[in-house]
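Report on the structure given below.
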Amino acid sequence: MRPLTILFADLAGFTGLSERLGKDIVPVISAYLDLASQAVEAEGGTIDKFIGDAVMAFWGAPRQRGDHAIAGCRAALKICRTLAETGPRDEAGRPLAVRIGLNSGIALVGNIGSATHLNYTAIGDVVNVASRLESANKLYGTSIILGEDVRNAAGTAIVVRELDRIAVYGRAGGIAIFELVGLTEEGQPSWIELYEAGLALYRTRQWRQAESKFEETLAARGDDPPSRRMISLCQSLCKHPPDDGWQPVTVMESK
1 MRPLTILFAD
11 LAGFTGLSER
21 LGKDIVPVIS
31 AYLDLASQAV
41 EAEGGTIDKF
51 IGDAVMAFWG
61 APRQRGDHAI
71 AGCRAALKIC
81 RTLAETGPRD
91 EAGRPLAVRI
101 GLNSGIALVG
111 NIGSATHLNY
121 TAIGDVVNVA
131 SRLESANKLY
141 GTSIILGEDV
151 RNAAGTAIVV
161 RELDRIAVYG
171 RAGGIAIFEL
181 VGLTEEGQPS
191 WIELYEAGLA
201 LYRTRQWRQA
211 ESKFEETLAA
221 RGDDPPSRRM
231 ISLCQSLCKH
241 PPDDGWQPVT
251 VMESK
């Protein structure tokens with residue numbers, strides 16, 4: 001058992017793309033997996049496995065390192081940015097989009113498998129949550145979501161926007177999740193404060209005021225899927241106020 005940072009990455013819309021391209025998907029997926037592998041390995045990570053377009057990687061094994069969370073964040077940003085700038089394109093010439101989840105915690109890592117086939121891999125709750133965070137990008141319209149343990153471990157080296165709290169089995173009150181915006185050396189956008197001010201108001205049932213802050217965030221960015229989602233939630237809560245037992249925690253209905 002040792003502390004790791006786990007990364008899951010998946011191409012957005014891959015199923016539809018593969019159906020449209022047929023056998024021509026092979027060079028596209030190969031180029032994407034090359035790109036993702038290079039980003040992970042450049043930051044000292046270990047590629048665990050590929051499953052279709054999905055990539056699982058981790059930091060902290062076989063070589064232990066104290067900066068595993070920061071390294072994972074750097075790799076995630078590299079994957080997103082390189083894919084947008086020089087990565088493979090779809091049939092219309094548009095860049096592919098990726099969804100990434102990162103989570104840190106204690107995992108069992110080693111050669112695990114059957115008597116005839118072993119795989120050097122990591123298992124445990126931290127891995128399961130990382131996979132859920134990757135999927136959560138669909139709900140929030142984001143590219144990279146971090147668990148709160150990654151955010152805390154990476155500290156001031158990264159710029160994040162707290163998105164929400166989501167329900168996780170075994171964690172009372174859920175966990176805070178964060179969008180990875182960039183590295184601290186790149187600067188912090190002013191719109192992050194607007195969104196997080198709206199989130200604080202939302203959590204204290206001040207939904208009209210929260211909606212106003214999310215509208216400001218939307219205006220500042222031009223478009224912002226998490227703000228659009230929160231505006232819709234605030235409007236719904238104003239129309240149909242919940243009882244006193246309401247908790248500002250999102251339950252994801254599907255993986």
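If you read the sequence shown in full-length UniProt numbering, its first letter stands for residue 1, the second for the next number, and so on.
Ideal placement from N, C-alpha and C gives every residue a C-beta, glycine not left out.
In this text the structure is predicted, and so the values were computed from the model without any measurement.
For the set Glu-179, Asp-125, Glu-91, Ser-114, the Cα lying nearest the Cα of Gly-105 is the one of Asp-125.
The beta strand (DSSP E) runs of length 3 or more contained entirely in the UniProt domain "Guanylate cyclase" (5 to 134) are, from start to end of the chain, 46 to 51, 54 to 59, 98 to 113, 118 to 123.
With a minimum length of 3 residues, there is no unbroken run of beta strand (DSSP E) contained wholly in the stretch 189 to 217. Closest option to Gly-187, judged by alpha-carbon separation, among Phe-14, Asn-111, Arg-171, Thr-156: Thr-156. Put simply, the backbone Cα of Cys-80 is about 24 Å away from that of Ala-61.
Taken through DSSP and simplified to helix, strand or coil, Asp-164 comes out as strand. Straight-line measurement puts the Cα of Leu-77 at about 34 Å from the Cα of Ser-236.
Around the beta-carbon of Asp-10, 16 or more other beta-carbon atoms lie within 10 Å, marking it buried. In the DSSP annotation of this structure, the continuous segment of the beta strand (DSSP E) that includes Gly-147 starts and ends at 144 to 147. The residue from Val-98, Gly-93, Ala-71, Trp-191 with its alpha-carbon nearest to that of Thr-82 is Val-98.
Around the Cβ of His-240, a 10 Å sphere holds fewer than 16 other Cβ atoms; the residue is exposed.
At least 8 Å separates the beta-carbon of Gly-182 from that of Val-168.
Residues Glu-162 of the same chain have their beta carbon placed closer than 7 Å to that of Leu-199, with the five preceding and five following residues left out of the count.
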